[in-house]
Each structure stands twice: as C-alpha cells, then as structure tokens.
Amino acid sequence: MPTLSKNSPIVDKQTIRELAVPVDVDTAAARVKRYYNFTSSDAVNTLKGQGLEGSMKAAAITQGGYAWDAQPGAYYKMGRDWGADEGIEDNILIELEKNGAGSRMYITFRSSEASHVTEAYTGKLFAEVKQVAEGKIR
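Using numbering that gives the first Met the number 0, the letters of the sequence shown map in sequence onto residues 0 to 137.
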C-alpha cells in the first residue's frame, strides 16, 4: 500500500449538485461516459488481462477518484480524477438514476483546494455535464 508524503494533498472539500435530466438513464449515462472519457470496470478488467503493460494502464486508471457501477435501466455511477493545478487534487463523481421517463443526476466535485468547490469554479462544469447528458453538447 502506498504511503502518503507530507506533500500529498488531502481531498476533503466538496460541492454537490442535484439535477433533473429529461432523458432516460441509459442514454444520459452513455453520453456522459463517452464525452468525459469515463472507463467502465469491463474495460479495466480487459486491460488487466493484457499482461504487465495492460495492468499498469488499469492501475493508472483506477487510482484516485475512479469509480464505476452500472445497473442498466436503473443506475450508473462514474468517477475519475479531474484536471487540476500542480499540487491540487480534484475528482468528479457523477451518479445517474432512473426518475420516471427521465433521470436524476447527482454530481459531486471534490478537491483539496477550497476555491475549487465554489460556484464560480464548478458552475460552468455542472451546467456542461447536464447539457452533455441531455444531448445538447456532443
């Protein structure tokens, strides 16, 4: 197990947004997964079976904020590290669940930097994720 150095940032601040998306959960999840390049657990497992190089790629994908869970027709969860400045750790977690004919989306943005969890920093990102799920941005 890796040890943390004194310089490792702690991801302990977060902001959460809950949004209604007028699109079925499978379509919304597929759009978000493709646009933001989230990696499914099936893809990670395939990499792990491709020898040392594949295992190293899988390890790189699954470190940090990686998350994947899929229950087609009902629920999806996807997460990964997000681009950040040197010395700052950010990650995003998007959950989509069936809500009648549409979906409910929960976006959690976590960071080691307090200024990264403000509306000024995340507002545009949250709006963009919603537009991607709706198919307005491709």
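From the three backbone atoms N, C-alpha and C, an ideal C-beta is built for every residue, glycine too.
Cutoff 6 Å; reference residue i; Cβ partners in own chain excluding five residues on either side
| i | result |
| --- | --- |
| T38 | I60 |
| K129 | L18 |
Supposed close pair residue i, residue j - CB separation, criterion 8 Å
| i | j | result |
| --- | --- | --- |
| K56 | A66 | About 18 Å separates the two Cβ atoms, so there is no contact after all. |
| Y74 | E52 | Rounded, the Cβ-Cβ distance is 33 Å, inconsistent with contact. |
| G78 | I91 | 6 Å |
| A132 | D23 | Wrong, their Cβ atoms sit about 10 Å apart, outside the cutoff. |
Contacts around residue i, its chain only, beta-carbon distance under 8 Å, and the 5 residues preceding and following it disregarded
| i | result |
| --- | --- |
| V116 | K12, Q13, T14, F108, R109, S110 |
| G63 | R79, D80, E88, N90 |
| K47 | G53, S54, A57 |
Closest residue to residue i among the options (Cα-Cα distance)
| i | options | result |
| --- | --- | --- |
| E17 | A58, N98, G63 | N98 |
| K123 | D80, I106, G50 | I106 |
| K135 | A69, R30, D41, V24 | R30 |
| Q70 | K47, G82, S40, N44 | S40 |
Own chain partners of residue i with C-beta closer than 7 Å, once the 5 adjacent residues on each side are dropped
| i | result |
| --- | --- |
| S114 | Y120 |
| V20 | A27, G101, S102, M104, K129, A132, E133 |
Nearest-angstrom Cα separation, counted from residue j out to residue i
| i | j | result |
| --- | --- | --- |
| I93 | T26 | 14 Å |
| M0 | R137 | Because M0 carries a pLDDT of 44, less than 50, the predicted location of this residue cannot be relied on, and the following value inherits that uncertainty. Near 39 Å, if we compare the C-alpha coordinates of R137 and M0. |
| M104 | Q49 | 34 Å |
| V10 | F125 | 19 Å |
Near the ligand ATP: residue i beta-carbon under 7 Å from a heavy atom
| i | result |
| --- | --- |
| L18 | With respect to small molecules bound, the structure shown includes none, and the ligand ATP cannot be examined in it. |
**Item:** Length-filtered (4 minimum) alpha helix (DSSP H) runs lying within the segment 19-92
**Value:** 24-35, 40-47, 50-61
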